[in-house]
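Enquirer: Below you'll find the structure I mean.
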Amino acid sequence: MLRRIGTALLLVTLLAGVTSAGMGLVPNSARAYHTYNVRLLDTTAYSLHRRRVRIGLMKLSYGIIDQLQVSTYTMPWILGAIFEDVAPNLELKSTLYNRKRLALSVSAGFLEGTIKQSDKTKARYFLIPVSVASSVRINPAVSTHFGALFTAVNGDANGGEDIEGAVVIDFLQLWGMLEWRLSRVVAFTFTVRWVPYVSDVVVNGSLDTGNPTVDLALEADVSELQNAFAVIPGFVFSWDRANIRLGVGYSSFFVEGFFLVVPGDVLTNISPEFDVFIRF
Amino acid sequence: MECSRQRRYRRAIVARSFSLATLLLLCTASLSCESLNIPPAPDLRPVLNAFEKPSAVVDGEIMGAVADEIAEAANEIEGSEFFEEILAVIIEVQQELEQNTNENGDLILDGTCNGGANDGGACAAGADADCPDGTCVGLTVPRPNGGVQVNFICDGWDERQFDPDYEADPDPANGTIALIVTLDSGSIGRVVWGTADNCRYLVPIEGENFQASYDGGVAVDLGDPVPLDEDITELLVTFVVDGIIGFDPIGVDESPFRINQSFRVKLADTDGLEILVDIGEQPLEETFNYFFQGTAQGLRAANGTFGCSLEDRECSDESGPLFSW
């Protein structure tokens, strides 16, 4: 276990190192700062321009063309490494429309992983997040961003003595963000996230009890996740190369990369937001 | 200029293609909007209403027509105890669910100890969780709703089943009981239903084991949703059965008894039985209840509640005999 954690820490350190090194090694042509062309990518409708790269603690992205960006979240890889099975994930985001003051985007991706529950049992999960977003530039300093994210989760467990079956849950998240550029370095953000819809969890499985055999088709009540929300004030600092996103908010924690929501009472209603990244 | 236009066109095509792919993914995602596939429970309310509000006015003529049927049905039901076989399966499922449910009412499947002396070992999340100083974790289904399909292979007629050291392999040749048990926020739903397929079992009576069987449909009303820790044997349970009872208590090769009957029993009260007697032209049009309680018998009808005796062929109240047949 200690070895696994050590490996994971090494990975984090390496990534942080690469990120930090990038801050110093990227050529001067690197583009950052809050400018007309360089905009926030997360929680907005904007994507990286062609051949632009973003390397961060939380996410790696590359602009394939001006309208299409491919990303992968780092945490599923890192946490997957800790639990002996990495979680491949990919997200494609397309800014379909970006004229005048309005930008519109769609994105879709997948996350797939395995959780080893015991020596004999593995639980697999497969997530398909699909989102739409819009960004409106009210004036050069102020923008608003709105979006919706639908996440479909499929999971199954097998190999155990007690359960073989599948789990399904779908949920919808809406968000809105106000972005106020205080200077070319500092932008204030105010993000509101809300989960208006969560399907019941459907579990199809079987209990291996010998005689009688018991096959389950269950719905779990996860209504406490319905109407989960977070209000997160934060800042995005953008220098020549480096960027830092920091925020601490109230209520539920929306886990980036896993597309999931942790109810507020689990983390004493602290909803953090953090990333360090470079763009070039 | 032309080249630049073509490039823009190609990019636009790629972007539009991607949005189409997104739509496709949306459709794929919607496939995961799975719902439960549980057949609807039979509607037992008319039967329950009939038990609660007997509509028939009973007199000697009516009793004369149905007394023998009542006596025979009571003998077969009480003698064969097939309802005990059904309730035993329900109780076993209840216990299995209780063993895997934690104190919050969440069902924990494939439990594994997290921490403590039994870290990594298998566990059940119930009160007997074998996780000293640890927690039993697993696939958690919070306050589950839904259905449980139960398939039980009957015990058969081999008397060695009563030997505590004998471990019998379930043999499908002994018949099966297939039930659907619903879950209502973690409790067992009030209606359980299914079929018995030529289920064979032994009935011990005064030191002897008698061969019995049941083949047919069954629906059970438990009265209310039953929490996992509630004793089902203490509940007044309503049965609606339509099948064939095979029971031969005296060694005579009797023909199987065809039963299409509703009745009520309390498992802990072995002397109690209440039969719904349907005398109308249409089902449940005119009904009354005939009950057995120890040595006492009686009926509840629209014209009152009386003590009766099928053996003496008469009913009476406190004032004396009312009618006979």
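So the sequence lines, in the order shown, correspond to chains A and B. Residue numbering for the first sequence is 1 to 280, as defined by our numbering. Residue numbering for the second sequence is 1 to 325, as defined by our numbering. The beta-carbon is built from N, C-alpha and C at its ideal position, and this holds for glycine as well. Given the structure is predicted, the values throughout are model-derived calculations rather than measurements.
1) Could you tell me whether any Cβ in chain B is nearer than 7 Å to the Cβ of V214(A)?
2) If you count every other CB in all the chains shown that lies within 10 Å of the CB of T43(A), and 16 or more means buried, which is it?
3) State yes or no: is the C-beta of G247(A) within less than 7 Å of the C-beta of A230(A)?
4) Applying a beta-carbon distance threshold of less than 8 Å, which residues of chain B neighbour E91(A)?
5) Residues of chain B with CB under 7 Å from D275(A), in chain order?
6) Taking the C-alpha atoms as reference points, what is the distance between D171(B) and G156(B)?
7) Here's the rule I'm using: 16 or more other beta-carbon atoms within 10 Å means buried, otherwise exposed. How should R200(B) be labelled?
8) Assign A54(A) to one of three DSSP states: helix, strand, or coil.
9) Output needed for L48(B): all residues of its chain with C-beta closer than 7 Å, excluding positions within five of it in sequence on either side, in chain order.
10) When the distance is taken between beta carbons, is F259(A) closer than 7 Å to T151(A)?
11) Would you give the residue range spanned by the alpha helix (DSSP H) that S80(B) belongs to?
12) Would N114(B) and T135(B) qualify as a contact pair, given that the criterion is a beta-carbon distance under 7 Å?
13) Count the other CB atoms, across all protein chains shown, that sit within 10 Å of the CB of N37(A); report buried if there are 16 or more and exposed otherwise.
14) If we ignore side chains and look at the alpha-carbon of each, how far apart do T268(A) and S251(A) end up?
15) Can you pull the chain B residues whose beta carbon is under 7 Å from the beta carbon of N211(A), in chain order?
16) For chain B, check one thing: does any of its Cβ atoms lie closer than 7 Å to the Cβ of A148(A)?
17) Looking only at DSSP bridge pairs, what is W193(B) linked to?
18) For Q149(B) and chain A, any beta-carbon pair shorter than 7 Å?
19) Suppose contacts are defined by Cβ-Cβ distances below 7 Å. Is P144(B) in contact with A220(A) by that definition?
20) Could you check what DSSP says for V86(A) in three-state terms: helix, strand or coil?
21) Does DSSP put G80(A) in a helix, a strand or coil?
22) Could you confirm whether any beta carbon from chain A is found closer than 7 Å to the beta carbon of P144(B)?
23) Identify whether Q94(B) lies in helix, strand or coil by the three-state DSSP scheme.
24) Going by Cα to Cα distance, which pick from G320(B), D158(B), V148(B), D106(B) is closest to L179(B)?
25) Between the region 193-213 of chain B and the region 55-64 of chain B, do three or more beta carbon pairs fall short of 8 Å?
26) So the candidates are K59(A), V106(A), L41(A); which of them puts its Cα closest to the Cα of T74(A)?
27) Is I244(B) close to chain A? Criterion is C-beta to C-beta, closer than 7 Å.
28) Decide if the region 44-54 of chain A is in contact with the region 92-106 of chain A; the criterion is three or more beta carbon pairs, one per stretch, under 8 Å apart.
29) Ignore the nearest five residues each way along the sequence and tell me which others in E314(B)'s own chain have a CB closer than 6 Å to its CB.
30) Mind checking which residues open and close the alpha helix (DSSP H) that includes V47(B)?
31) From the beta carbon of E219(A), is the nearest beta carbon of chain B less than 7 Å away?
32) Consider the Cβ of I188(B): report whether some Cβ of chain A lies at a distance smaller than 7 Å.
33) Taking 8 Å as the cut-off, does the region 180-190 of chain B touch the region 199-214 of chain B (at least 3 CB pairs, one atom from each stretch)?
34) Is I77(B) close to chain A? Criterion is C-beta to C-beta, closer than 7 Å.
35) Starting from the C-beta of I38(B), find all residues in its chain whose C-beta is less than 8 Å away, skip the five residues before and the five after it, and write them out in chain order.
36) Quick check: does the Cβ of E179(A) come within less than 6 Å of any heavy atom belonging to the ligand MG?
Expert: Taking the geometry as given:
1) yes
2) buried
3) no
4) The contacting residues do not exist; E91(A) stays about 11 Å from chain B at best.
5) By Cβ distance, chain B contributes nothing, its closest Cβ being about 24 Å from D275(A), past 7 Å.
6) 8 Å
7) buried
8) With the sequence shown as reference, residue 54(A) is identified as Arg, and Ala is not the correct amino acid for it. Residue state, collapsed to three classes: strand.
9) D221, T238
10) yes
11) 60-80
12) yes
13) exposed
14) 8 Å
15) F152, I153, P170
16) no
17) I180(B), A219(B)
18) yes
19) yes
20) coil
21) helix
22) yes
23) helix
24) V148(B)
25) no
26) K59(A)
27) no
28) yes
29) P321, S324
30) 45-52
31) yes
32) no
33) no
34) no
35) G146, G147, I180, T182
36) The model on display carries no ligand, and the ligand MG is accordingly not part of it.
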